[in-house]
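Asker: Numbering (UniProt numbering), first residue to last: 1 to 177.
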Amino acid sequence: MTEIRTPRLLLRRWHDDDLAPMADINADPRVMRWIDDGSVRDLDHTAEAIERAEEEWDEEGFGLFAVELLASGELAGFTGLSVPEFLPEVLPAVAISWRLGSQFRGQGYASEAAQATLEFALQDRGLDRVISINRVGNDASENVIRKLDMVPEGVTTHPVYGYPLRVYTIDLTQFQA
């Protein structure tokens with residue numbers, strides 16, 4: 001079982017009792033504003049997404065971590081790695097992403113979890129490069145990306161929704177510098 005502890009967080013594989021709190025996060029329009037078409041997600045969609053994340057862990061050796069607060073045991077959301085198949089022009093690539101409940105924002109949790117995940121990707125899993133894909137205008141995620149020292153690689157367009165996406169990258173050499 002893959003787990004990462006940071007000073008305030010436990011990044012771990014998904015448990016059955018994570019479904020309801022993650023569904024609550026996905027049902028919040030403030031959380032979903034920058035994702036796909038901004039639509040909220042229901043319990044069934046959340047269950048399918050968690051199942052896909054677990055399958056990616058089994059197939060790739062990486063995936064989306066459930067992010068748990070050490071102090072309270074609450075599920076704050078997720079961070080992790082995935083293959084961004086929806087954007088073929090960046091492939092082959094592994095992307096880092098995160099999604100936290102609105103009550104957990106602005107406290108540094110996303111940056112803390114993402115930094116630990118990036119270290120996991122480049123040092124533990126031996127990836128040479130990680131990207132991040134951010135919808136232009138999503139300043140909160142842009143701030144996390146900057147804290148990860150990722151550099152802009154280019155701008156593309158979401159293939160379904162047509163809005164601009166900025167692609168960032170970091171490789172092992174940049175990470176170790």
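Each residue gets a CB set at the ideal place from its N, CA and C atoms; glycine is no exception.
(1) Unbroken alpha helix (DSSP H) runs of length 4 or more, entirely within the stretch 36–124: which are they?
(2) Give the straight-line distance between the Cα atoms of Leu10 and Glu74, rounded to the nearest whole angstrom.
(3) Could you round the C-beta distance between Ala71 and Arg8 to whole angstroms and report it? I think they count as a contact, below 8 Å.
(4) Residue range of the alpha helix (DSSP H) that Asp24 falls in?
(5) Look at the Cβ atom of Ile96, then the Cβ atom of Ala114, and state whether they are nearer than 8 Å.
(6) Given that a residue counts as buried once 16 or more other Cβ atoms are within 10 Å of its Cβ, and exposed if not, what is Leu100?
(7) From Leu81 to Arg30, what does the alpha carbon distance come to, in whole angstroms?
(8) Using beta-carbon positions only, say whether Thr173 and Val151 come within less than 8 Å of one another.
(9) Answer with buried or exposed for Arg166, where buried requires no fewer than 16 other C-beta atoms within 10 angstroms of its C-beta.
Answerer: According to the structure data:
(1) If we require 4 residues or more, the alpha helix (DSSP H) runs fully inside the stretch 36–124 come out as 43–60, 109–119.
(2) In a straight line, the C-alpha of Leu10 is about 10 Å away from that of Glu74.
(3) Indeed they touch by this definition, with Cβ atoms about 7 Å apart.
(4) Per DSSP, Asp24 is one residue of the alpha helix (DSSP H) stretching across 19–26.
(5) Yes, Cβ-Cβ distance for Ile96 and Ala114 is below 8 Å.
(6) That one is buried.
(7) In a straight line, the C-alpha of Leu81 is about 23 Å away from that of Arg30.
(8) Cβ atoms of Thr173 and Val151: not closer than 8 Å.
(9) With at least 16 other beta carbons inside 10 angstroms of its own, Arg166 counts as buried.
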